[in-house]
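Take the sequence shown: its position 375, counted from the start at 1, is 395 in the numbering used here, and no numbers get skipped.
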Amino acid sequence: MARTKPSISVLGLGRVGLCFAVCCANRGFHVVGVDVDEEKLDMIGAGKAPFYEPGLQAMLEKAVEKKDLELTASAGEAVARSEVSFITVGTPGRPDGSVDLSQIESACRDVGKALAEKGAWHLVVVRSTVPPGTTGGLIKDVLEISSGLKCGRGFGLCMNPEFLSEGNAIRGILEPDRIVIGEYDKRSGDALQAFYEQFHGNGLSHGLILRTSLINAELIKYASNAFLAMKVSFANMIAHLCQLLPGADVVSIMDGVGLDKRIGRAFLNAGLGWGGSCFPKDLAALLKFAEGLGLQLPLVKATVEVNERQPLLAIELAKKVLGTLEGKRVALLGLAFKPGTDDIRGAVSLKLIEALLAEGADIVAYDPMAMENVKALLGSTISYASSAREALREADCCIIVTEWEEFRTLRPEDFKELMRKPVVIDGRRIFRPKDFEQVVHFLAIGRGPRKLT
21 MARTKPSISV LGLGRVGLCF AVCCANRGFH VVGVDVDEEK LDMIGAGKAP FYEPGLQAML
81 EKAVEKKDLE LTASAGEAVA RSEVSFITVG TPGRPDGSVD LSQIESACRD VGKALAEKGA
141 WHLVVVRSTV PPGTTGGLIK DVLEISSGLK CGRGFGLCMN PEFLSEGNAI RGILEPDRIV
201 IGEYDKRSGD ALQAFYEQFH GNGLSHGLIL RTSLINAELI KYASNAFLAM KVSFANMIAH
261 LCQLLPGADV VSIMDGVGLD KRIGRAFLNA GLGWGGSCFP KDLAALLKFA EGLGLQLPLV
321 KATVEVNERQ PLLAIELAKK VLGTLEGKRV ALLGLAFKPG TDDIRGAVSL KLIEALLAEG
381 ADIVAYDPMA MENVKALLGS TISYASSARE ALREADCCII VTEWEEFRTL RPEDFKELMR
441 KPVVIDGRRI FRPKDFEQVV HFLAIGRGPR KLT
């Protein structure tokens, strides 16, 4: 006889929480979503996603229509009406690299108070990214103190790190590479594994679930992001070298490196650097955490340093051709930190804009999804175009900042016809150099000077 699917609650309906909640609802679970932002709750309740993520809108509409997703601002109400609570609130970074845990501490306090009134065993699952030792330390302590219960007896506790990739979040939840369960005790781990077995049904492949300790699960998240960021920075380091060597091209080099099965091709794409809400925050937090233990992490530090320099390569290339950027019109194609999202947190575009303004450039930008977010942040500091072609009009230089698919359809002739001085800097290596070099002044990250024959 099939087990009845448990009701779950998801506390924090940001990018991580809402995508997870909607996927659970579409897999047949009854979900109670919690957020302190009443305006956001109203928006979600009306079936409208508060941010862009491919596939999310249609799934949200279905979940709301079928009433598989209910919403509340009360954590107590959500805990009372569910058997498993997933905590997905934000853990933003501070300027010094440390992590602000105030939101998760508050959420756990609310959950603890609800547990005190519930009178039944309840599983608490932390999906927010927290420094090593936090789940078994601060979080457990807050839950125990606010509930008056003992972890392992009155309630269960797991750390279940999310590995969300914006632009591919829905697929990542429905078809994950792995599920990491950090468990306080066996009962907690068994309960969370049972949830995922029901979530994935026959699609749960052998070896997909890794069960480990709370602190190991926390560290898996940080180590994973640090390693992925390191691969990107490694490719960018080689790209910098290639730019000094006639005939060298980082794309061909990384293709060759990636053929080695021990290495793989993923995350070896050179460009203007990585951004977003995870890599910058998590690497800074890892460095700060290690520093507190009296330990330096030189590889992680170098990974960050390479990335901080990378956007400036585009400025250097532009100045090499134009001499000065003072008064020059520079078109930026792409503002989101990556394609498939409207997120501009930690985006390379913002670093470029700051540097270009300091050089005295006039900036016009276009992005198919992130324009409103940038307008809210920068206002009229820069100009905005309604299309890529409009952004190119009368520009002295164009920099490809985000590798949106629609930019790949631009032809060399488009740049030549629309721009005042067709200087094109491919910051994401989306164009074939041989298609452009005979038509415009084309420069690309990681491509050395043309070899003289």
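Even glycine gets a Cβ: it sits at the ideal position worked out from N, Cα and C.
Short of 6 Å from the beta carbon of Y216, and not among the five residues preceding or following it, lie these beta carbons of its own chain, in chain order: I199. The three-state secondary structure of H461, taken from DSSP, is strand. Pairwise C-beta distances place the stretch 252–260 in contact with the stretch 323–339, as three or more of them are shorter than 8 Å.
In the three-state reduction of the DSSP assignment, Y204 falls in the coil class.
H260: member of the alpha helix (DSSP H) spanning 234–262, first to last residue. Residue range 417–420 is occupied by the beta strand (DSSP E) that includes C417.
As DSSP reads the structure, F106 sits in a beta bridge with V30, V145. Remark: C-beta atoms of K60 and L33 approach each other more closely than 8 Å. Comparing alpha-carbon positions, the option among I420, I364, Y242, G284 lying closest to A310 turns out to be Y242. Considering only R467, P300, P181, the residue with the shortest C-alpha distance to A334 is R467. Collapsing the DSSP output to three states places L230 in a strand. A residue is called buried when at least 16 other Cβ atoms come within 10 angstroms of its Cβ; R191 does not meet this threshold and is exposed. A direct Cα-to-Cα measurement between L38 and A246 gives close to 25 Å. The residue from I235, P300, V109, S406 with its alpha-carbon nearest to that of G366 is P300. At the C-beta level, P331 and L372 come within 8 Å of one another. In this structure, DSSP gives R329 a helical state, which the three-state scheme calls helix.
Between P266 and L355, the alpha-carbon positions lie close to 31 Å from each other. With a cutoff of 8 Å on beta-carbon distance, I465 and G295 are scored as not near each other. By the Cβ neighbour-count rule, T401 is exposed, with fewer than 16 other Cβ atoms within 10 Å of its own.
Nearest in C-alpha terms to V421, of all of N393, V350, E392, is V350.
Taking all protein chains in view, the Cβ of L230 is surrounded by fewer than 16 other Cβ atoms within 10 Å, so the residue is classified as exposed.
In terms of Cα proximity to V51, the closest of I107, Y72, E58, E336 is I107. Between C43 and L169, the gap from beta carbon to beta carbon reaches 8 Å or more.
The three-state secondary structure of T154, taken from DSSP, is coil.
Collapsing the DSSP output to three states places A411 in a helix.
Around A69, the same chain offers L76, Q77, L80 as residues with beta carbons nearer than 6 Å, after the five sequence neighbours per side are excluded.
In its chain, beyond the 5 residues on either side, E103, V104 have a beta carbon closer than 6 Å to the beta carbon of P26. Pairing G117 with A304 gives a Cβ-Cβ distance under 8 Å.
For the 8 Å CB-CB criterion, A385 and V394 form a contact.
Beta-bridge analysis with DSSP links V443 to C417, H461. Rounded to the nearest whole angstrom, the CA to CA distance from Q123 to E433 is 51 Å. Within the same chain, and ignoring the five residues on either side of G187 in sequence, the residues whose Cβ sits closer than 8 Å to its Cβ are E73, P74, K358, P359, G360, T361. For C178, the enclosing beta strand (DSSP E) covers residues 175–179. Taken through DSSP and simplified to helix, strand or coil, T323 comes out as helix. Between N46 and K87, the CB-CB gap reaches or exceeds 8 Å. For A385, the enclosing beta strand (DSSP E) starts and ends at 382–386.
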